[in-house]
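Written below as C-alpha cells is the structure these notes are about.
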Amino acid sequence: MDIMRIALTTALLAALAACSNDAQQQAKEAADKAAAATKQAADATADAAKKAADATANAAQQAGDTIKQIGNDATDATQQAADATGAAMEKAKDATANAAEVVRDTAKDVGHAVADGAKDVGHDVRDAAKDVKNAATGEEKDGDH
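Residue 69 in my numbering sits at position 61 of the sequence shown; the count goes up by one each step and never skips.
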C-alpha cells in the first residue's frame with residue numbers, strides 16, 4: 009500500500025507543478041482525498057485481516073478443545089472396557105475353578121460309586137460261584153450263605 013501511495017502522491021505532485029494556482033489547489037485537494045481514501049482502504053483491510061485472524065484463532069481453539077474432549081472420552085471408554093474385561097476374566101477364572109471343583113467332586117463320587125458297585129458285583133460273583141460249587145457238590149442250597 010505504501011508504494012501505491014508514494015506513486016499516487018508523486019503523480020499528483022507532478023500534476024500540481026504543471027497546473028496553475030487554482031488548478032494546483034484542486035489537484036492538492038484531490039490528492040488529499042485520494043490519500044484519505046487510500047488510508048481508509050488500508051485501515052479497512054487491516055481491520056478485516058485482524059477479524060479473520062481472530063476468527064481463525066477462535067476456530068482453532070474450539071477445534072483443539074473438541075479434540076481434547078474426544079481424547080478424554082476415548083480414554084474413559086478404553087478404561088471402562090479394560091475394567092469390564094478384567095471383571096469378566098476374574099469371573100471366568102472363578103467359574104473355571106468352581107467347575108474344576110465340581111468335576112473333581114463328581115469324579116470322586118463316581119469313583120466311590122464304581123468301587124462300591126464293583127464290591128457288590130464281586131460279592132455277587134463270589135456268592136454265585138459258591139452257589140455253583142455247592143450245587144455241583146450238593147452241600148448248600150441257594151441263598152444259604
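Don't be surprised by glycine CBs; every beta carbon is placed ideally from N, CA and C.
In whole angstroms, what separates the C-alpha of residue i from that of residue j?
i: Ala-144; j: Arg-134; result: 15 angstroms
i: Ala-50; j: Ala-31; result: 28 angstroms
i: Ala-5; j: Val-140; result: Examination of residue 5 is not possible in this model, given that the chain is present from 9 through 153 alone.
i: Thr-86; j: Gln-70; result: 24 angstroms
i: Ala-67; j: Gln-77; result: 15 angstroms
i: Asp-128; j: Ala-96; result: 47 angstroms
i: Asp-91; j: Ala-82; result: 14 angstroms
i: Gly-79; j: Ala-89; result: 15 angstroms
i: His-131; j: Ala-107; result: 36 angstroms
i: Ala-44; j: Asp-73; result: 43 angstroms
i: Lys-58; j: Asp-10; result: 19 angstroms
i: Ala-115; j: Glu-109; result: 10 angstroms
i: Gln-48; j: Ile-75; result: 40 angstroms
i: Ala-105; j: Asp-124; result: 28 angstroms
i: Val-122; j: Gly-94; result: 41 angstroms
i: Asp-40; j: Ala-19; result: 13 angstroms
i: Val-118; j: Val-111; result: 10 angstroms
i: Ala-60; j: Glu-98; result: 57 angstroms
Taking Cβ to Cβ, would you say residue i is nearer than 7 angstroms to residue j?
i: Arg-13; j: Thr-46; result: yes
i: Ala-42; j: Leu-16; result: yes
How should residue i be labelled, buried or exposed, when 16 other C-beta atoms within 10 angstroms of its C-beta is the threshold for buried?
i: Ala-35; result: buried
If you drop the 5 nearest sequence neighbours on each side, which residues of the same chain put their C-beta closer than 6 angstroms to that of residue i?
i: Glu-37; result: none
i: Gly-146; result: none
Cutting at 7 angstroms between CB atoms, please list the residues of its own chain near residue i, excluding the five before and the five after it.
i: Asp-84; result: none
Does the CB of residue i have a neighbour CB from chain D at under 7 angstroms?
i: Asp-132; result: Absent from the structure is chain D; it holds one protein chain and no more.
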